[in-house]
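In the working numbering, the protein residues as written are 30 to 194.
Ideal placement from N, C-alpha and C gives every residue a C-beta, glycine not left out.
Since the model is a prediction, treat every value here as computed from it, not as a measurement.
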């Protein structure tokens, strides 16, 4: 995993990429998230979002589906596939059940409709980040277990492999 950038006085904070084509909405949401202790980068197009993801590690992405230059679904798929440790939340004005189901199938954490209660969004964001953290810890634990000679012995014995030490 790449290391997240440092922001605000050199302290490590959770970094969030906000991708939405409405500058005023981005400013408002950025202020809210920063007040909650997040480091926020807001961009107004899918291409700028892709560029930002290449330059910096983000813990989470809040993505609008109605971007002017690309489909939010295409961008969500790109993020989920290329940045699996980044939580993705869709926050959109499009109240479309089919798009919502498609987003969940892609692996986004949640699909929220604007206007959204700010406290609800913060709770969802915290849950999404916690889930990604738990998944990372589980993968790390699994990797450690796989390195254990005792586990290797059991697997070899069960599979009929010759047991060697």
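Chain-order list of residues whose beta-carbon lies under 6 Å from that of residue i (same chain, five-residue window excluded)
| i | result |
| --- | --- |
| residue 142 | 124 |
| residue 99 | 75 |
Alpha-carbon spacing of residue i relative to residue j, whole angstroms
| i | j | result |
| --- | --- | --- |
| residue 140 | residue 160 | 16 Å |
| residue 66 | residue 151 | 11 Å |
| residue 83 | residue 138 | 21 Å |
| residue 153 | residue 145 | 11 Å |
| residue 47 | residue 76 | 13 Å |
| residue 50 | residue 155 | 24 Å |
| residue 73 | residue 167 | 35 Å |
| residue 101 | residue 120 | 10 Å |
| residue 114 | residue 42 | 16 Å |
| residue 133 | residue 105 | 10 Å |
Closest by C-alpha distance to residue i, when choosing among the options
| i | options | result |
| --- | --- | --- |
| residue 90 | 52, 98, 44, 73 | 44 |
| residue 158 | 107, 51, 165, 116 | 116 |
| residue 107 | 79, 93, 64, 148 | 79 |
| residue 96 | 68, 59, 52 | 52 |
Cβ separation of residue i and residue j, assumed to be a contact under 8 Å, to the nearest whole Å
| i | j | result |
| --- | --- | --- |
| residue 147 | residue 61 | 5 Å |
| residue 109 | residue 136 | 4 Å |
Neighbourhood of residue i by C-beta, 8 Å cutoff - its chain only, sequence neighbours within 5 removed
| i | result |
| --- | --- |
| residue 70 | 44, 45, 46, 47, 81, 85, 87 |
Minimum length 4: unbroken alpha helix (DSSP H) runs contained in the region 57-123: For the region 57-123, the continuous alpha helix (DSSP H) assignments of 4+ residues that do not extend past its boundaries occur at 75-84, 101-111, in sequence order.
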